[in-house]
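Under this note's numbering, the residues of the first sequence are numbered 708 to 1114, in order.
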Amino acid sequence: MFPPVDEQMARIRRGVAAIEPEAELRQKLERSLKTGKPLRVKYGIDPTGIDVHLGHTVPLRKLREFQQMGHQAVLIIGNYTALVGDPSGRDKTRERLTPEQVEANARDYLKQVAKVIDIQKTEVAFNGEWFSKFRFLDVLSLTSKITVQRMLERDDFTNRLKKGTPIYLHECLYPLMQGHDSVEVRADIELGGSEQLFSLMVGRDLQREAGQEPQVCITLPILRGLDGVRRMGKSLGNYIGVGESAYDMFAKTMSIPDELMREWFELLTDLPAERIAELIDWQKLHPRQAKEVLGKEIVKFYYGIKEADAAADEFRKRFSEKHDPTEVESVDVPSADLTDGAMWIGELLCRMQLAKSKNEARRLVEQGAITIGDKREKINDPKANVNVVDGLVVRRGSRQVKRVRLV
RNA sequence: GGGCAGUUGGCCGAGUGGCCAAUGGCAGCAGACUGUAAAUCUGCCGGACUUAGUCCUACGCAGGUUCGAAUCCUGCACUGCCCA
């Protein structure tokens, strides 16, 4: 039923930051192989935003790996923890969400997460199921399990203390809540980003207190975003969402710094280590080529091989050959608003949402960013009136292209 | 509860009565260059007016002093530090 323990260990080890403690993991695997009982692998997410991005898929892919080896994935939707806000890796208190927002997000999350893991075979639990029944005494007993000193020794809090940014008391509850989730679902293993280690370890303590065998904590590296420096994150705008189009995924991947490729290959594809080593050997292969393989692998995971090839072709056309994209968004322009078939360029750019304001439109024109029509006629005069015909293509810089639809 | 300090544009951070739509950095946008949407260099980066100019809105909130306030005064809110 399960692969041999050594094989499982090897597959689990790939691309992880830490396994704490590794010996216990082996024991658990051996026992599960003997008894035929799958391990319960917990992964929790807080429905705080709406975009699941590749950074989130790193632990999710590991969860998928466990599923493929026959273990039981347990997904915790932190609808209650989301009300608190995870302080991990934060230098500020998170904004608190309303219960309605959290619920809407949760539904959306599941849909997105299903792109990575087999949601049919996943046990999904909302931690509100138990936390909504918590009485104050329960809170007291939970909070008596950890000292203020231990709480404050975490990096995030230490930094905030040093910098004088506020730390609210409720934020200290977060790791305890996450840890308690492990008790409720009797987790054997918990996955998380490497900044989660503290919270994961709290789970071990609480399980031990509750007379359970403590979970093994497996942390995964934090994926760096498109800039190659900071962690991939929504607020940093350096991410690829799992819901993005095949083309966008591909094009964004092509924009990452070369040095980032090894990390992405390892954390975001299933390619074997030897193959990755070949790909990132610049002596043998041009980085551009390698990056194309990477982009295709990523797109393939979500859209299949055909879409991946199509995205790569489209990219080549647009960049190497500087063509307009195959599909250009159309914007309706009422012909009644034209005078003698023409419109002031500033007005036109605003209408087409290629400029936020007429001032911006003027600047763009002055900087030579605007071209129109198939012949790519450059507009240089901010006062220009341009003839507007149906299907007119308007370009802002090299990336933003829209088409007029006269109505 | 008391004392002290702070709150400036998407963020960080200068400015301490007119020269301020506000120095600088980051982020963003555009141009050149490039395998690249990277790096680098250049320009832009509140809004309206088809703009060398004029006007409007903005420096936590509400009032006040002044010919004139981001800058001074009062009150309020929020945050930090110290004392209890």
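Virtual Cβ for every residue (Gly too), placed ideally from N, Cα, C.
Assuming residue i and residue j make a contact with CB atoms under 8 Å, what is their CB distance in whole Å?
i, j, result
"LEU740", "VAL712", "6 Å"
"LEU883", "VAL909", "6 Å"
"VAL1095", "LEU1045", "6 Å"
"GLY900", "ILE853", "With 8 Å as the limit, GLY900 and ILE853 do not qualify as a contact, their Cβ atoms being about 21 Å apart."
"CYS1057", "ALA1068", "6 Å"
"ASP1047", "ARG1112", "Wrong, their Cβ atoms sit about 20 Å apart, outside the cutoff."
"LEU898", "LYS991", "Going by Cβ atoms, the distance from LEU898 to LYS991 rounds to 35 Å, so no, they are not a contact pair."
"LYS1065", "GLY1053", "4 Å"
"GLY772", "ARG738", "The identity of residue 772 in the sequence shown is Glu, whereas the question assumes Gly. The Cβ separation is near 19 Å, so there is no contact."
"MET956", "ILE987", "Not quite, the Cβ-Cβ distance comes to about 20 Å (not below 8 Å), so this is no contact."
From the DSSP output, which residues share a beta bridge with residue i?
i, result
"THR829", "ALA780"
"ALA725", "THR926"
"TYR816", "None, per the DSSP bridge assignment."
"VAL1093", "MET1050"
"ARG1102", "THR1078 and VAL1108"
"GLY785", "The partner list for GLY785 (beta bridge, DSSP) is empty, contrary to what the question assumes."
"LYS1085", "THR1078"
"GLY743", "Answer is none; GLY743 lacks a bridge partner."
The alpha helix (DSSP H) that contains residue i, what's its start and end?
i, result
"GLN1107", "Looking at the DSSP string, GLN1107 is not in any alpha helix (DSSP H); the run it does join, the beta strand (DSSP E), is 1107 to 1113."
"ASP765", "The question names Asp, yet the displayed sequence has Val at residue 765. Unbroken alpha helix (DSSP H) run through VAL765: 761 to 775."
"ARG718", "712 to 720"
"ILE983", "980 to 986"
"GLN914", "904 to 916"
"PHE709", "From DSSP, PHE709 is part of no alpha helix (DSSP H); its letter is neither H nor E."
"GLU966", "Run containing GLU966: none; DSSP gives neither H nor E here."
How far does the beta strand (DSSP E) with residue i in it extend, from its first residue to its last?
i, result
"THR1078", "1077 to 1079"
"GLY751", "747 to 752"
May I ask you to verify whether the stretch 973 to 982 touches the stretch 998 to 1011, counting CB pairs closer than 8 Å and requiring at least 3? yes
Residue ranges of each beta strand (DSSP E) within the stretch 988 to 1065, 3 or longer: 1036 to 1040 and 1049 to 1051
Would you mind listing the beta strand (DSSP E) stretches within the stretch 920 to 957 that are 3+ residues and don't spill past its ends, in chain order? 923 to 927
In chain order, which continuous runs of the alpha helix (DSSP H) of length 4 or greater are located wholly inside the stretch 817 to 897? 835 to 838, 843 to 850, 855 to 859, 862 to 870 and 876 to 892
Would the stretch 882 to 900 count as touching the stretch 911 to 925 if we require 3 or more Cβ pairs under 8 Å? yes
Per the contact definition of three or more C-beta pairs closer than 8 Å, is the stretch 1016 to 1036 in contact with the stretch 1094 to 1109? yes
Counting Cβ pairs closer than 8 Å, one from the stretch 984 to 998 and one from the stretch 928 to 940, do we hit at least three? No contact exists between the stretch 984 to 998 and the stretch 928 to 940.
Would you call the stretch 811 to 831 in contact with the stretch 840 to 854, where contact means no fewer than 3 C-beta pairs closer than 8 Å? no
Would you call the stretch 780 to 792 in contact with the stretch 756 to 766, where contact means no fewer than 3 C-beta pairs closer than 8 Å? no
Does the contact criterion of 3 or more C-beta pairs under 8 Å hold for the stretch 822 to 833 versus the stretch 872 to 883? no
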